[in-house]
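Peer 1: The listed protein sequences derive, respectively, from chains B and V. Counting from 1, position 25 in the first sequence corresponds to residue 25 in the working numbering; the numbering is continuous, with no gaps. Counting from 1, position 149 in the second sequence corresponds to residue 149 in the working numbering; the numbering is continuous, with no gaps. Glycine included, each C-beta is placed from N, C-alpha and C at the ideal position. Since we're looking at a predicted model, the values are computed, not measured.
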Amino acid sequence: MTKTLNNKAWFLVLPVFAIVAFSAVLPLMTVVNYSVQDTFGNNQFFWNGIGWFQELLDPSKELGGRFFEALWRTLLFSAIILAIEIPLGILVALSMPREGWTVALCLVLMALPLLIPWNVVGTIWQVFARGDIGLLGWVVNHLGIDYNYTGDALDAWATIIVMDVWHWTSLVALLCYAGLKSIPDAYYQAARIDGASRWAVFRTIQLPKMRRVLLIAVLLRFMDSFMIYTEPFVLTGGGPGNATTFLSIDLVKLALGQFDLGKAAALSLVYNLIILAICWVFYTVMTNVDADRERVEA
Amino acid sequence: MTDTIAIGTADRKDAKTGTVAANRALAGPRVNGKAVVMTLYLVFLMLPIYWLVNMSLKTNTEITSGLTLWPRQITFDNYIRIFTDQSWYSGYINSLTYVVINTVLSISFALPAAYAFSRYRFLGDKHLFFWLLTNRMAPPAVFALPFFNLYSAIGLFDTPWAVALAHCLFNIPLAVWILEGFMSGVPREIDETAAIDGYSFPRFFVKIFMPLIASGIGVAAFFCFMFSWVELLLARTLTTVNAKPIAATMTRTISASGMDWGMLAAAGVLTIVPGALVIWFVRNYIAKGFALGRV
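1. Is any beta-carbon of chain V found at less than 8 Å from that of Tyr149 (chain B)?
2. Kindly identify the DSSP beta-bridge partner or partners of Gln37 (chain B).
3. Against chain B, with Cβ distances strictly below 8 Å, would Trp161 (chain V) count as a contact?
4. Along chain B, in chain order, which residues have C-beta atoms closer than 9 Å to that of Gly268 (chain V)?
5. Any residues in the stretch 178-198 of chain V with a beta carbon nearer than 9 Å to a beta carbon of chain B? Which ones, in chain order?
6. Quick one: give me the first and last residue of the alpha helix (DSSP H) that Leu234 (chain V) is part of.
7. For a cutoff of 8 Å on Cβ pairs, would you count Asn7 (chain B) as touching chain V?
8. Following the continuous alpha helix (DSSP H) through Gln126 (chain B), name the residue where it begins and the one where it ends.
9. Which whole-angstrom value is the C-beta distance of Ser228 (chain V) and Val99 (chain V), which I expect to be below 8 Å?
10. By a C-beta neighbour count over all protein chains shown, 10 Å radius and 16 as the cutoff for buried, is Pro140 (chain V) buried or exposed?
11. State the DSSP-derived secondary structure class of Arg12 (chain V), mapped to helix, strand or coil.
12. Okay, do the stretch 159-174 of chain V and the stretch 256-276 of chain B touch, 3+ Cβ pairs below 8 Å being the bar?
13. Within 10 Å of its beta-carbon, does His127 (chain V) have 16 or more other beta-carbons around it, so buried, or fewer, so exposed?
14. Run down chain B in chain order and give the residues with a C-beta less than 9 Å from the C-beta of Phe281 (chain V).
15. Within a Cβ cutoff of 7 Å, which residues of the same chain sit near Gly134 (chain B), ignoring the five residues on either side of it in sequence?
16. Check the Cβ of Tyr149 (chain V) against every Cβ in chain B and list those closer than 9 Å, keeping chain order.
17. Can you pull the chain V residues whose beta carbon is under 8 Å from the beta carbon of Lys263 (chain B), in chain order?
18. Could you tell me if Val31 (chain B) is buried or exposed, where buried requires 16 or more neighbouring beta carbons within 10 angstroms of its beta carbon?
19. Can you have a look at Phe222 (chain B) and say buried or exposed, based on whether 16 or more other CB atoms are within 10 angstroms of its CB?
20. For Tyr283 (chain B), which residues in chain V fall below 7 Å Cβ to Cβ?
21. At least one CB of chain V closer than 8 Å to the CB of Thr4 (chain B): is that the case?
22. With 8 Å as the threshold, decide whether the Cβ of Val278 (chain V) is near any Cβ in chain B.
23. List the residues of chain B whose Cβ lies closer than 8 Å to the Cβ of Thr249 (chain V), in chain order.
24. Does any C-beta atom of chain B lie closer than 8 Å to the C-beta of Gly28 (chain V)?
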């Protein structure tokens, strides 16, 4: 669709611009302000220039070491999450029943974990995975596997990953299902006449049609796993030790736990910039895909 | 029906040409495989929830004394205590208050903006859209402390408005994104025809345009409700007593004499209920909505 040039459209956008600027720009300026100052309490602040940033980006310093550890941990977590949830989500979407009352039932049950408050998700898994009163922990322990998510780093990671898969795979599945629904039946009939294998149907019909929604799914899942806070915080509190201290948990520890405002602010800004950069790449890819599609349709 | 016939023909054709493998992949066993995958996945999803419900109906002695797959003595005490204790049920009212305020604010602000993005080009439109989206991606942890300062300074701290406004940060961009997708699906000839027929812009928007994208508005409202309902970091930071959300009240059970597992489970079950109700109402739009109207 061709759009007309009309700068008066700004009036329609103005309210959104104002309210989001109020919620985003003002607080962000506070963060910038903190990031270049040091405080010894009593609301007295001293100019510190780029000191915090230098310390943060230098892995040999205590703050820098801590930052890079948390960063790699978070990136590793996001990578594992994407590697599991995207294929699993596609598989589940392909397994959706075609019609009948089971469709609505599956949709409702699948969407359920998405609407549970995040700390309740943490609580559910905290209880579910406990060795003494939780079904999962009890069963795993009785299978002869020594499993304790509060004591063992690997167990803690496994629990958090299973929890996230439980929580968010449905989002990927629902997105893919929406993509699959948009494929006309004629495509499948044509494939059948050609004697296409199941794999060929998937590769040449279903996957291309899902490309756009998959991009949204990857974007959303990457962003949300990269800034995950509440669920692991409730489940493990970042422990054992620092094994599951992701960036945002570390940030909240710095800001609200130790009240190291300068350090926390510098970390916030770098964290935000990383996300901004990745977001920009995704956005560019997405707009290009859109443009391609429009060119094909035109 | 046509499906089975088509597969049936394929069967015969395949049997003739001898491509049994392809036939197998297309027909028979696949149906069972699908059902198995789906069932396994749904069981995996439901198990933790079943366990929570199971625990909420037990007494604490039964919970700690050993593992039982269903409550030996069903008790509704945990639920009764929540519904009769003001400090518990006010948490629900607080949560629902800010969620509803946020949903109404987000949708009413996002509607005109989404219209502008879907219909016009204007100075800096692409940059503005990207900037809005980045706010959806900003980690709430970054904003917790500055929000605390900001809302304390303007006297909104510990009110539902503070949380509702804070949640606008990520809900408005999302609502604009979803609504823009739905609006772009409405041909602009409708706008032009309405203008020729003498409709003023506000009247056209409310009387003609909004009913056309009603499902889009529903989907956007669903998403705003969802993300405001599940978020806790900001909601907890911005409230202390008067506007404390239910999900934050839940942490109380830990500090009481020992761990009150039954209460914790019952409160957890009750936080799932509003979500389940909302899903039930929008179940026919879920699939399209999750694709943000862009399929």
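Peer 2: Considering the structure as presented:
1. No - not a single Cβ of chain V is within 8 Å of the one on Tyr149 (chain B).
2. Answer is B:Trp47, bridged to Gln37 (chain B).
3. Not an interface residue.
4. Under the 9 Å cutoff, chain B gives Ile116, Pro117, Val120, Thr123, Ile124, Val127.
5. Shown in chain order are the members of the stretch 178-198 of chain V whose Cβ falls below 9 Å from a Cβ of chain B: Ser184, Pro187, Arg188.
6. Residues 233-237.
7. Judged by the 8 Å Cβ criterion, Asn7 (chain B) is in contact with chain V.
8. Start and end: 118-128.
9. Going by Cβ atoms, the distance from Ser228 (chain V) to Val99 (chain V) rounds to 5 Å, so yes, they are a contact pair.
10. When all chains shown are included, Pro140 (chain V) counts as buried.
11. Note that Arg12 (chain V) has pLDDT 43, beneath the 50 cutoff, so the model's placement of it is unreliable and the number below is only indicative. Arg12 (chain V): helix per DSSP, three-state reduction.
12. No, they do not touch.
13. Under this definition His127 (chain V) is an exposed residue.
14. Within chain B, no residue comes near Phe281 (chain V); the closest Cβ sits about 10 Å away, beyond 9 Å.
15. Once the five neighbours on either side are set aside, the close Cβ partners of Gly134 (chain B) are Val127, Phe128.
16. It should be noted that the sequence gives Asn, not Tyr, for residue 149 (chain V). Chain B residues near Asn149 (chain V): Pro27, Thr30.
17. Residues of chain V with a Cβ closer than 8 Å to the Cβ of Lys263 (chain B) do not exist; the shortest Cβ-Cβ separation is about 12 Å.
18. It is buried - the Cβ of Val31 (chain B) has at least 16 other Cβ atoms within 10 Å.
19. Sixteen is the threshold: when 16 or more other Cβ atoms of the shown chains lie within 10 Å of the Cβ of Phe222 (chain B), as they do, the residue is buried.
20. Those within 7 Å of Tyr283 (chain B) in chain V are Phe130, Leu133.
21. So, interface residue.
22. Chain B places a beta carbon closer than 8 Å to that of Val278 (chain V), counting this residue as a contact.
23. Result: empty, since nearest Cβ-Cβ is about 11 Å, beyond 8 Å.
24. At Gly28 (chain V), the pLDDT of 47 sits below 50, so the modelled position is not reliable; the number obtained from the coordinates is stated separately. At a cut-off of 8 Å between C-beta atoms, Gly28 (chain V) does not count as an interface residue with respect to chain B.
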